[in-house]
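Visitor:
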Amino acid sequence: MLIMKKGSSAAATPSDRMNIESRYRDLINHMPVGVYRTATDGSILECNTILAQILGFSSAEEVRKINAAEFYLQQKERKEHIERFEREESQYEEFQLKKKNGDIIFVKDYTYVVRDEDGKILYYNGIIVDITDQKQSEKALRDSEGDYRNLFERAHDAIMIITVDKEIILDVNTRACELYGFAKEEFIGKSLESLSKNVRLGKERIKKTLEEKFLDNFETVHFSKNREEMVLEINAAVVNYKGQQAILSINRDITERKKMEKLIHRLAYFDSLSGLPNRKLFMDRLIQAVARAERNDISLAVLFLDLDGFKLINDNYGHVRGDKILSGVGERLAGI
1422 MLIMKKGSSA
1432 AATPSDRMNI
1442 ESRYRDLINH
1452 MPVGVYRTAT
1462 DGSILECNTI
1472 LAQILGFSSA
1482 EEVRKINAAE
1492 FYLQQKERKE
1502 HIERFEREES
1512 QYEEFQLKKK
1522 NGDIIFVKDY
1532 TYVVRDEDGK
1542 ILYYNGIIVD
1552 ITDQKQSEKA
1562 LRDSEGDYRN
1572 LFERAHDAIM
1582 IITVDKEIIL
1592 DVNTRACELY
1602 GFAKEEFIGK
1612 SLESLSKNVR
1622 LGKERIKKTL
1632 EEKFLDNFET
1642 VHFSKNREEM
1652 VLEINAAVVN
1662 YKGQQAILSI
1672 NRDITERKKM
1682 EKLIHRLAYF
1692 DSLSGLPNRK
1702 LFMDRLIQAV
1712 ARAERNDISL
1722 AVLFLDLDGF
1732 KLINDNYGHV
1742 RGDKILSGVG
1752 ERLAGI
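If you're matching positions, the sequence shown starts at 1422 in the numbering used here and goes up one per residue.
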């Protein structure tokens, strides 16, 4: 802002002063910010077209007809604003103003006081920038971060964010704390390698995630705080976390499901009493063996054995004893 000191143009002719004034107005009208000069009573002495546009007017002349107080939402706020910059001579602030149509905007304002030689306030000079879009973007970002945090914490699966290099845990949700048994403070800063049963596999998965940006449904085993093994199904993705590249890992506990799958497999292929492979598993293995023999052009022999007198054992000693005999014979044959 150009300030003309008293007496600086004393020797200038009226024509010179007009030229200076013209250049001054041309300067402020071409500035990309709102520029104003107000009297102590709020009268707007000067302003440029950008300020008029910011406040919703078509020309600076319209703005100069209005007292600056009318643009404030509350007169108390304006009074406090004036007191601050009169006390400090200049003030940089962000606040809200009311446009011609009643819309509320956010502005960034820099005001400074101009005094005469006796210290009396002549007027206030200021610059205003409309930051409404910026404020709305910041609010949208805060809202989205709030939504993200809400989803993050309410997720039924354990979620953790780790660094890509040393697998340091940066953040975890509530479910992760429950699943692993750590408090959040214990989790943050811990290396995921200390919880992984297969560190090499974990590094391979992270490398693949970085290459493909996303990796879904791979299984691994982690340890809880008390070193109990957990089978996890993991989906991982590359994310931006506070300005740095990181891995977001969604870990679903499938330990009970794997136990059930193992039990179902055993019930399907093994006799529930003797624990020996049943006919279904025998046929499955026989088909595989025949295919392997044909593929490798080798011979295959199948041997059927009958246990003489086995019925007498069942009849005289019961099926429990008979099943134990059968299991013992099976173990001996497997060792041949």
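No residue lacks a Cβ here, since even glycine has one placed at the ideal position from N, Cα and C. Because the structure is a prediction, the values reported are computed rather than measured.
For the beta strand (DSSP E) that contains Arg1458, what are its first and last residues?
Guide: First-last of the beta strand (DSSP E) with Arg1458: Gly1455 to Thr1459.
Visitor: I believe Cys1468 touches Arg1444 by the beta-carbon criterion, under 8 Å. Please report the beta-carbon distance rounded to the nearest angstrom.
Guide: Not confirmed; about 17 Å, so no contact.
Visitor: Short of 7 Å in beta carbon distance, which residues of its chain neighbour Asp1692, apart from the five on each side in sequence? Order them along the chain.
Guide: Hits under 7 Å: Asn1699.
Visitor: Between which two residues does the beta strand (DSSP E) containing Asn1661 stretch?
Guide: Note, Asn1661: beta strand (DSSP E), Glu1650 to Tyr1662.
Visitor: Cα separation between Asp1586 and Val1593?
Guide: C-alpha separation (whole angstroms): 18 Å.
Visitor: For the alpha helix (DSSP H) holding Asn1737, just list the boundary residues, first then last.
Guide: Looking at the DSSP string, the run of the alpha helix (DSSP H) that includes Asn1737 is Phe1731 to Tyr1738.
Visitor: Lys1679 to Leu1724, Cα distance in whole Å?
Guide: Cα to Cα, the separation comes out at about 34 Å.
Visitor: Near Phe1478, which residues of its chain fall below 8 Å by C-beta distance, leaving aside the five closest residues on each side in sequence?
Guide: Only Val1484 and Lys1521 meet the Cβ criterion.
Visitor: What residue does the alpha helix (DSSP H) around Met1681 start on, and which one ends it?
Guide: It spans Thr1676 to Tyr1690 - the alpha helix (DSSP H) in which Met1681 sits, taken as one unbroken run.
Visitor: What whole-angstrom Cβ distance do Val1652 and Ile1675 have, given they're in contact under 8 Å?
Guide: Yes, they are in contact, since the Cβ atoms of Val1652 and Ile1675 sit about 5 Å apart, within 8 Å.
Visitor: According to DSSP, is Asp1604 part of a helix, a strand, or is it coil?
Guide: The residue asked about is misnamed: residue 1604 is Ala in this sequence, not Asp. It is coil, neither helix nor strand.
Visitor: Is it right to say Ile1530 is buried, meaning 16 or more other beta carbons lie within 10 angstroms of its own, or is it exposed?
Guide: Looking at the sequence itself, residue 1530 is Asp, so the reference to Ile does not match. It is buried - the Cβ of Asp1530 has at least 16 other Cβ atoms within 10 Å.
Visitor: Give the straight-line distance between the Cα atoms of Asp1729 and Leu1747, rounded to the nearest whole angstrom.
Guide: Their Cα atoms are separated by approximately 12 Å.
Visitor: Going by beta carbon distance, what residues of the same chain come within less than 6 Å of Glu1566, once the five residues before and after it are set aside?
Guide: There are no such residues.
Visitor: Does Ala1689 pass the burial test, meaning 16 or more other C-beta atoms within 10 Å, or should it be called exposed?
Guide: So Ala1689 ends up on the exposed side.
Visitor: Alpha carbon to alpha carbon, how far is Lys1556 from Val1642? Give it in angstroms, no decimals.
Guide: Each residue's alpha carbon lies about 46 Å from the other.
Visitor: Which residue or residues does DSSP assign as beta-bridge partners of Arg1536?
Guide: According to DSSP, which records beta bridges pairwise, Arg1536 is partnered with Ile1542.
Visitor: In the DSSP assignment, the alpha helix (DSSP H) including Val1620 goes from what residue to what residue?
Guide: Segment Val1620 to Glu1633, the alpha helix (DSSP H) holding Val1620.
Visitor: Any idea if Glu1588 is buried or exposed, counting beta-carbon neighbours within 10 angstroms, 16 or more meaning buried?
Guide: Looking at its Cβ environment, which holds 16 or more other Cβ atoms inside 10 Å, Glu1588 is buried.
Visitor: Following the continuous beta strand (DSSP E) through Phe1506, name the residue where it begins and the one where it ends.
Guide: Counting along the chain, Phe1506 falls outside any beta strand (DSSP E), though it belongs to the alpha helix (DSSP H) covering Gln1496 to Glu1509.
Visitor: Need the endpoints of the beta strand (DSSP E) that Val1593 sits in, please.
Guide: Start and end: Ile1590 to Val1593.
Visitor: Between Thr1584, Leu1636 and Arg1575, which lies nearest to Ile1668 when the distance is taken from Cα to Cα?
Guide: For Ile1668, the nearest C-alpha among the options comes from Thr1584.
Visitor: Which class does Gly1567 belong to by DSSP, given the choice of helix, strand or coil?
Guide: Note: Gly1567 maps to helix in three-state DSSP.
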